[in-house]
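The next block holds one structure in the form of structure tokens; read it before the comments.
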Amino acid sequence: MTGHQEREPQGPPVGRRALLGMLGAGAAAFATAPFLQQRWEDVLGAASQNDPTGLSGLLPNPGGFRYYSVVGSVPHKDATNYRLRVGGLVDRPATYTLDQLRALPQTRIVHDVQCTDGWRVKQTPFEGVRLADLLDAAGVRSSGAAVRFTCFDGAYSESLTLEQARRSDVLIALRMQDGPISHAHGGPVRLYVAPMYFYKSAKWLSGISVTDAVVPGYWEERGYDIDGWLDGADRRGEAA
Ligand SMILES: Nc1nc2c(c(=O)[nH]1)N[C@H]1C(S)=C(S)[C@@H](COP(=O)(O)O)O[C@H]1N2
Ligand SMILES: [Mo]
Numbered sequence: 001m002t003g004h005q006e007r008e009p010q011g012p013p014v015g016r017r018a019l020l021g022m023l024g025a026g027a028a029a030f031a032t033a034p035f036l037q038q039r040w041e042d043v044l045g046a047a048s049q050n051d052p053t054g055l056s057g058l059l060p061n062p063g064g065f066r067y068y069s070v071v072g073s074v075p076h077k078d079a080t081n082y083r084l085r086v087g088g089l090v091d092r093p094a095t096y097t098l099d100q101l102r103a104l105p106q107t108r109i110v111h112d113v114q115c116t117d118g119w120r121v122k123q124t125p126f127e128g129v130r131l132a133d134l135l136d137a138a139g140v141r142s143s144g145a146a147v148r149f150t151c152f153d154g155a156y157s158e159s160l161t162l163e164q165a166r167r168s169d170v171l172i173a174l175r176m177q178d179g180p181i182s183h184a185h186g187g188p189v190r191l192y193v194a195p196m197y198f199y200k201s202a203k204w205l206s207g208i209s210v211t212d213a214v215v216p217g218y219w220e221e222r223g224y225d226i227d228g229w230l231d232g233a234d235r236r237g238e239a240a
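The letter at position 20 of the sequence shown is residue 20 when you use the UniProt record's numbering, and the numbering goes up by one with no holes.
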């Protein structure tokens, strides 16, 4: 590919005109331009989060993902200002920076991603810190039974039982598809619960709190099943 020839990392930010051009040009425009692809993902993210018709799912969609957010805009965070707080029913509450999370042992999982809306992205690599490691470091008290996740979008939340949270295929993910997690995909840090539907994988993760019972998450309060398990081979992650 000739992608690097198209890149202008020192240049001005991509302007409105260029973005409109990309919308017209479609897949060909960004297939050769990794620098622009990031912006394209932001455009798709912005378009699909405010889309009651679901038509934004018809836009060219790199990698088959759709972008979801329950709020209209989410602050951007990076290594300078990202924090993850671990607390609740633990002996040693902690706050992690992005660099501190990167310095911990990393696990890579390759698994199909599935949304309850019907789309699937096959064999997607995620990489990060096992949630079990952070829980062990925090020292879960005997009264702890579940984990509640909160997000710096200010609205989304999720939950797992402690037993689910301790599985080796549940990650505090720092990387996705072998790169840093983009803002649109919930970066710099999202939850990744490989054996469950993707709504369990909270984006823009900022808080992990051990609780004495499961607190239903954002979608679960609105009718989603608290039990997000995939079926059979999908749960086990056997490639189809
Ligand atoms: N903070 C936050 N996390 C979220 C959501 C959301 O709206 N906000 N949507 C969930 C749903 S329903 C899905 S399918 C995935 C979508 O992830 P993606 O936008 O990276 O494709 O994120 C999940 N996590
Ligand atoms: Mo979803």
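Using N, Cα and C, we set each Cβ at its ideal position, and we do this for glycine too.
What you are looking at is a predicted structure, and each value in this text was computed from that prediction instead of being measured.
Cβ-heavy atom distance, residue i to ligand 2, below 7 Å
i      : result
Thr116 : yes
Tyr156 : no
Tyr68  : yes
Alpha-carbon to alpha-carbon, residue j and residue i
i      : j      : result
Val210 : Pro105 : 22 Å
Glu127 : Ile109 : 6 Å
Ala202 : Gly139 : 23 Å
Phe35  : Pro93  : Here Phe35 scores only 43 on pLDDT, less than 50, and its place in the model is too uncertain to base an answer on.
Arg130 : Gly232 : 23 Å
Asp234 : Lys122 : 11 Å
Asp178 : Glu220 : 30 Å
Gly64  : Lys77  : 25 Å
Ala165 : Tyr192 : 10 Å
Glu238 : Tyr96  : 33 Å
Glu163 : Arg102 : 25 Å
Asp136 : Gly154 : 27 Å
Trp229 : Trp204 : 22 Å
His111 : Ile208 : 24 Å
Residue i CB to nearest heavy atom of ligand 1 below 7 Å
i      : result
Arg222 : no
Lys122 : no
Lys77  : no
Phe198 : yes
Ser201 : yes
Tyr82  : no
Gly87  : no
Asp112 : no
Start-to-end residues for the alpha helix (DSSP H) that takes in residue i
i      : result
Arg102 : 98-102
Asp137 : Correcting the residue identity first, residue 137 is Ala in this sequence and not Asp. Note, Ala137: alpha helix (DSSP H), 131-138.
Leu230 : Unbroken run through Leu230: none, as it is neither H nor E.
Segment limits, beta strand (DSSP E) that includes residue i
i      : result
Arg108 : 107-114
Gly87  : 84-88
Gly207 : 205-211
Glu163 : Run containing Glu163: none in the beta strand (DSSP E); it sits in the alpha helix (DSSP H), 162-165.
Ile172 : 170-176
Tyr197 : Neither: Tyr197 is in no beta strand (DSSP E) and is coded neither H nor E.
Arg148 : 146-151
Report task. Please confirm if the region 179-189 is in contact with the region 212-231, defined as three or more CB-CB distances below 8 Å between the two stretches. Result -> Using a C-beta cut-off of 8 Å, the region 179-189 makes no contact with the region 212-231, since fewer than three inter-stretch Cβ pairs fall below that distance.
Report task. May I ask you to verify whether the region 147-156 touches the region 115-122, counting CB pairs closer than 8 Å and requiring at least 3? Result -> No, they do not touch.
Report task. Determine contact between the region 84-100 and the region 67-74, defined as no fewer than three beta-carbon pairs at a distance below 8 Å. Result -> Two segments are said to touch when three or more pairs of C-beta atoms, one from each, lie closer than 8 Å; by this definition the region 84-100 does not touch the region 67-74.
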